[in-house]
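Counting in the working numbering, the sequence shown runs from 1 upward without gaps. Glycine is no exception: its CB is placed at the ideal position from the N, C-alpha and C atoms.
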Amino acid sequence: MVEKNECQEETLPLPPEVEESLCRCGGIAGLTERLPENEVLRRESSLHRALADPIRLKILAMLFVQPLCVCVIKAVLGIADSRLSYHLGVLRKAELIAGEAQGNWIIYRLTADGETWAQRLADTAADKPGERG
């Protein structure tokens with residue numbers, strides 16, 4: 001009779017190399033323990049959704065140059081107030097930008113995370129000059 005490996009998953013027929021590596025990390029339970037917490041995954045998902053739209057990336061690029069009020073962002077993008085409000089809300093929720101009231105205006109600036117992503121965007125743009133859209 002063939003003795004079963006004690007960490008072999010009873011219900012899963014696995015290729016030998018997967019079974020061996022899974023065993024080394026403690027089986028399904030060990031693998032599960034190594035996963036990021038759900039809150040971390042939600043945060044990353046929100047961040048990547050925010051970065052998945054060209055308009056929002058353009059907003060980050062503008063704010064990388066300097067903090068701006070809504071009227072300047074709108075003039076550059078040429079979009080309706082409601083659409084701009086939506087995009088700014090997505091970026092705020094992802095904690096990539098923050099707005100500060102100054103009199104009648106809200107001045108938007110990058111957060112530390114926003115600065116990191118805008119820098120990556122600027123670096124990518126510098127690698128491919130002349131591609132504007």
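- About 16 Å separates the beta carbons of residue 96 and residue 77, which is beyond the 8 Å limit, so they are not a contact pair.
- By the Cβ rule, the region 100-115 counts as touching the region 62-82, because three or more pairs are nearer than 8 Å.
- Assigned with DSSP and collapsed to three states, residue 34 falls in coil, not helix or strand.
- Note on residue 112: under 16 other CB atoms within 10 angstroms of its CB, so exposed under the neighbour-count rule.
- In the DSSP assignment, residue 59 falls outside any beta strand (DSSP E) and lies within the alpha helix (DSSP H) extending over 54-65.
- With distances taken between CA atoms, residue 86 lies nearest to 55 out of 101, 75, 55, 61.
- Within the model, the alpha-carbon separation for residue 21 versus residue 39 is close to 27 Å.
- Spanning the alpha carbons of residue 88 and residue 31 requires a straight line of approximately 38 Å.
- A distance below 8 Å separates the beta carbons of residue 63 and residue 114.
- If you compare the alpha carbons of 61, 47, 37, 14 with that of residue 94, the shortest gap goes to 47.
- The beta carbon of residue 34 is closer than 8 Å to those of 25 in its chain, skipping five residues each way along the sequence.
- Residue environment for residue 118: buried (at least 16 other C-beta atoms within 10 angstroms of its C-beta).
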